[in-house]
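>
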Amino acid sequence: MLDIRLLRELPDAVKTRLAARNAEFAPQVDAVLAVDEERRSAETRLQDLNAERNRVSKEIGALKSQGLDAAELQAGVKTLGNDIAECTCLAGELEEKQRDLLLRLPNLPHENAPVGTDAAANPVLREWGTKPDFENPEDHVAIGQRLGLFSPELGAKISGSGFMVYTGRGARLERALISFLLDLHTTQHGYTEVSPPFLIRRECMVGTSQLPKFEEDMYGMEDGAMFLAPTAEVPVTNLRREEIVDATELPIRYTAYTPCFRREAGSAGRDTRGLIRMHQFDKVELVQIVHPSESYAALEALTGHAEKVLQLLGLHYRTIELCTGDLGFGSAKTYDIEVWAPGQNAYLEVSSCSNFEDYQARRMNLRFKDPETRKNVFCHTLNGSGTALPRLYVALIESGLQPDGSVLLPERLASYMGGDRVLQA
RNA sequence: GGUGAGGUGGCUGAGUGGUCGAAAGCAACGCUUUGCUAAAGCGUCGUAGUCCAAAAGGCUACCGAGGGUUCGAAUCCCUCCCUCACCGCCA
39 MLDIRLLREL PDAVKTRLAA RNAEFAPQVD AVLAVDEERR SAETRLQDLN AERNRVSKEI
99 GALKSQGLDA AELQAGVKTL GNDIAECTCL AGELEEKQRD LLLRLPNLPH ENAPVGTDAA
159 ANPVLREWGT KPDFENPEDH VAIGQRLGLF SPELGAKISG SGFMVYTGRG ARLERALISF
219 LLDLHTTQHG YTEVSPPFLI RRECMVGTSQ LPKFEEDMYG MEDGAMFLAP TAEVPVTNLR
279 REEIVDATEL PIRYTAYTPC FRREAGSAGR DTRGLIRMHQ FDKVELVQIV HPSESYAALE
339 ALTGHAEKVL QLLGLHYRTI ELCTGDLGFG SAKTYDIEVW APGQNAYLEV SSCSNFEDYQ
399 ARRMNLRFKD PETRKNVFCH TLNGSGTALP RLYVALIESG LQPDGSVLLP ERLASYMGGD
459 RVLQA
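In this note's numbering, the protein residues as written are 39 to 463.
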């Protein structure tokens, strides 16, 4: 959520920066400001009325304590009550309206974010490793079927299209990856492991900015109160919602494995093959809550933690930065990490690392006490996948394909696979 | 799911209709004094909104959340949420 004061003071600057998102937000900014003005005038009137009532009520109390009659004053102030009720109602409505409008405004892109209209304008920052050389690359779906690693048919049988059942050694590989990633981030990168619920209250979804705008992408319970987590970002970042954390506790680093549930409403028919886009998938997430002055350094570090995964697994990848037009709703700056999948002849996004600055913190009222100014200040929040599992899985089996048709997994995974890193029929 | 007890400021904890935004203690911050790893004294010390060009200051709201009664609610009533204890059910 943006600071309403910023909109009041620098409306044109806000509009300009939002315009870089390749969508028109100026009318929304104007709407917020109009409501803000109405709201403040209603509040001022309400405050005057309340002050008057408080004053008279005190007089009544004073008279009564002396045993005097206060009926006249009581009658006079009674009509005030109606005005107050009316005005309270109006001020409340306007406040709610203003909040709702503000919640639907995205974050300001960072000043240095590359300006562009869509993914084609995302600059490649760096590449690591080299593309493996395959004469006959094989698609992961074919490999999986041949080696009995997973079954889209079984997934469809019990849940529908877009769901997967991993089987045998294929299921073991999924579990191995979860353990490997959590071990890496907890022992090497300073994250605390958490294992949160997957059913999340509505206000948490608002806190990390999935709601109110993107409800159609989420799986919700029938009563609308709870949602299946679309990413561990939601439960994990919200662990600290409405807190004033001790400054000495920063930076806070959490990592969590969770399944992620997404309707993928806007992506019907896109990348639907195999493991690449599913309604439920596993992910290990990295979340940081940091001092505002540290957040951009933290973003570089966090991105490095995700990249380390691919380096340890020997997978070729590249890191790109999202241009302003491709940037997620709440993010000020985002790096995507894309792993090379030989069978797809394409890079697959396995991680999206973002700095939200104080955008989420303001929504969830997450602050720390600045020891110098003794003021409560909004923290900065970041998160990134470390990493998404299915696409990592795709890259692993397509890259590890051997001439005899088996798959050789990276040495690093051997111990997690019971010492045997070969997948064969 | 049932019964009972609770939810007050960073923490502990008083407060059952008016002068209570809230005693007291702890913690924190500042000053003073003394000085062998610290003590004592004094002072400051909630959050948010709003008014004023701004500071100073004023006003309003906030005692789990929402609603009600009343001239006036932390205090009385209703609903909900959460915590704790016991019981039931259960992986």
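Note that beta-carbon positions come from the ideal geometry of N, C-alpha and C, so glycine has one too.
No experiment lies behind these values; they were computed from the predicted model shown.
Locate the alpha helix (DSSP H) running through T117, then write down its first and last residues.
Residue mapping note: residue 117 aligns to position 79 of the first sequence, counting from 1. It spans 109 to 141 - the alpha helix (DSSP H) in which T117 sits, taken as one unbroken run.
> Less than 8 Å separating the beta-carbons of R405 and N393?
Sequence index remark: in the first sequence, residue 405 carries index 367 (1-based). Sequence index remark: in the first sequence, residue 393 carries index 355 (1-based). Cβ atoms of R405 and N393: not closer than 8 Å.
> Return the chain-ordered ranges of every beta strand (DSSP E) run that is complete within the segment 362 to 401 and spans a minimum of 3 residues.
Runs of the beta strand (DSSP E) inside the segment 362 to 401: 371 to 379, 384 to 393.
> Below 7 Å CB to CB, which residues in the same chain sit around Q112 once its five sequence neighbours on both sides are set aside?
Here residue 112 corresponds to residue number 74 of the first sequence, with the count starting at 1. Closer than 7 Å at Cβ, skipping near neighbours: I98.
> For Q504, count the other beta carbons within 10 Å of its own beta carbon; 16 or more makes it buried, fewer makes it exposed. Which is it?
With the chain running from 39 to 463 in the structure shown, residue 504 is simply not present.
> Do you know whose CA, among R55, E62, P65, L71, lies nearest L45's CA?
Along the first sequence, read from residue 1 onward, the residue named residue 45 stands at position 7. The candidate whose alpha carbon is nearest that of L45 is L71.
> Output yes or no for whether 8 Å exceeds the beta carbon distance between E212 and D320.
For the purposes of this step, residue 212 is taken as the residue at position 174 of the first sequence. For the purposes of this step, residue 320 is taken as the residue at position 282 of the first sequence. Their beta carbons are under 8 Å apart, which means E212 touches D320 by this criterion.
> Three-state secondary structure (DSSP) at Y292?
Within the first sequence, the letter at position 254 stands for residue 292. Y292 falls in the strand class under three-state DSSP.
> Check whether the Cβ atoms of L386 and R429 lie closer than 8 Å to each other.
Sequence index remark: in the first sequence, residue 386 carries index 348 (1-based). Sequence index remark: in the first sequence, residue 429 carries index 391 (1-based). Against a cut-off of 8 Å, the Cβ pair of R429 and L386 comes out as a contact.
> Look at V272 and T246 and say whether their C-beta atoms are less than 8 Å apart.
Reading the first sequence from its first residue, position 234 is the one you call residue 272. Reading the first sequence from its first residue, position 208 is the one you call residue 246. Against a cut-off of 8 Å, the Cβ pair of T246 and V272 comes out as a contact.
> One question on the structure: do P472 and A285 come within less than 8 Å of each other, judged by their Cβ atoms?
Absent from the structure is residue 472, since the part of the chain shown begins at 39 and ends at 463.
> My understanding is that M202 touches F188, with C-beta atoms under 8 Å, so please give their C-beta distance in whole angstroms.
Walking along the first sequence from the start, residue 202 turns up at place 164. Walking along the first sequence from the start, residue 188 turns up at place 150. Between F188 and M202 the Cβ distance is about 6 Å, and since that is below 8 Å, they are a contact.
> Helix, strand or coil for T286, going by three-state DSSP, please let me know.
Residue mapping note: residue 286 aligns to position 248 of the first sequence, counting from 1. The answer is helix: DSSP assigns T286 an H, G or I state.
> Once you ignore the five residues that flank R400 on each side, which residues in its own chain have a CB closer than 6 Å to its CB?
The sequence position of residue 400 within the first sequence is 362, counting from 1. Only M39, F416 meet the Cβ criterion.
> Mind pulling the alpha helix (DSSP H) runs of 4 or more residues that sit fully within the segment 224 to 290?
Runs of the alpha helix (DSSP H) inside the segment 224 to 290: 240 to 245, 271 to 275.
> Rounding to the nearest angstrom, what Cα-Cα distance links T269 and K346 in this structure?
Against the first sequence, residue 269 aligns to sequence position 231. Against the first sequence, residue 346 aligns to sequence position 308. Roughly 21 Å separates the two Cα atoms.
> Span of the alpha helix (DSSP H) holding L192?
Residue numbering aside, residue 192 sits at position 154 when the first sequence is read from its first letter. Segment 190 to 196, the alpha helix (DSSP H) holding L192.
> Residues in the same chain with beta-carbon distance under 8 Å from P234, minus the five sequence neighbours each way, listed in chain order, please.
As a working note, residue 234 is residue 196 in the first sequence. Excluding sequence neighbours, P234 sits near A267, A270, P273, V274, L277, A294, T296.
> Identify the continuous beta strand (DSSP E) that holds N92 and give its terminal residues.
The residue given as residue 92 occupies position 54 in the first sequence. From DSSP, N92 is part of no beta strand (DSSP E) but of the alpha helix (DSSP H) over 64 to 103.
> Quick test of your reading: T168 and H354, contact by CB under 8 Å. State the CB separation rounded to the nearest angstrom.
Position 130 of the first sequence, counting from 1, holds the residue named residue 168. Position 316 of the first sequence, counting from 1, holds the residue named residue 354. 6 Å between Cβ atoms; contact.
> Would you kindly work out how many angstroms separate the C-alpha atoms of A157 and E124, rounded to a whole number?
The residue labelled residue 157 in the question sits at position 119 within the first sequence. The residue labelled residue 124 in the question sits at position 86 within the first sequence. Rounded to the nearest angstrom, the two C-alpha atoms are 50 Å apart.
> How is the alpha helix (DSSP H) around S423 delimited, first residue to last?
Translated into positions along the first sequence, residue 423 becomes position 385. Here S423 belongs to no alpha helix (DSSP H); instead the beta strand (DSSP E) covers 418 to 426.
> Here's a check: name, in chain order, each residue in its chain whose Cβ is nearer than 8 Å to the Cβ of L139, leaving out the five neighbours to either side.
Here residue 139 corresponds to residue number 101 of the first sequence, with the count starting at 1. Around L139: Q66, A69, V70, V73.
> Is the CB-CB distance between M402 and R239 below 8 Å?
One-based indexing of the first sequence puts residue 402 at position 364. One-based indexing of the first sequence puts residue 239 at position 201. Not a contact, by the Cβ cut-off of 8 Å.
> So what does DSSP say about V52, is it helix, strand or coil?
For this step, residue 52 is matched to residue 14 along the first sequence. In the structure shown, V52 sits in a helix (DSSP, three-state: H, G or I).
> What does D320 pair with, by DSSP beta-bridge criteria?
As a working note, residue 320 is residue 282 in the first sequence. Per DSSP, P297.
> Identify which residue in Q104, D41, R59, T341 has its Cα closest to the Cα of L365.
Taking the first residue of the first sequence as position 1, residue 365 is located at position 327. It is R59 whose Cα lies nearest to the Cα of L365.
> What is the DSSP secondary structure of F218, reduced to helix, strand or coil?
Within the first sequence, residue 218 is the residue found at index 180, counting from 1. F218 falls in the helix class under three-state DSSP.
> Give me whichever residues DSSP pairs with V153 in a beta bridge.
Numbered from its first residue, the first sequence carries residue 153 at position 115. Looking at the DSSP assignment, V153 forms no beta bridge with any residue, so it has no partner.
> Where does the unbroken beta strand (DSSP E) through I358 begin, and where does it stop?
Position 320 of the first sequence holds residue 358. First-last of the beta strand (DSSP E) with I358: 355 to 359.
> Count Cβ pairs between the segment 429 to 439 and the segment 323 to 343 that sit closer than 8 Å; are there 3 or more?
With the cut-off at 8 Å, the segment 429 to 439 and the segment 323 to 343 do not touch.
> For R405, report the span of its alpha helix (DSSP H) as first-last.
Residue 405 sits at position 367 when you count from the first residue of the first sequence. No alpha helix (DSSP H) holds R405; the beta strand (DSSP E) holding it covers 405 to 407.
> Give me whichever residues DSSP pairs with V415 in a beta bridge.
Position 377 of the first sequence, counted from the start, is the residue given in the question as residue 415. F406.
> Which residue comes first and which comes last in the beta strand (DSSP E) that contains E165?
Stepping through the first sequence from its first residue, residue 165 is reached at position 127. First-last of the beta strand (DSSP E) with E165: 162 to 166.
> Where does L106 land, buried or exposed, given buried means 16+ other C-beta within 10 angstroms?
One-based indexing of the first sequence puts residue 106 at position 68. Label assigned to L106: exposed.
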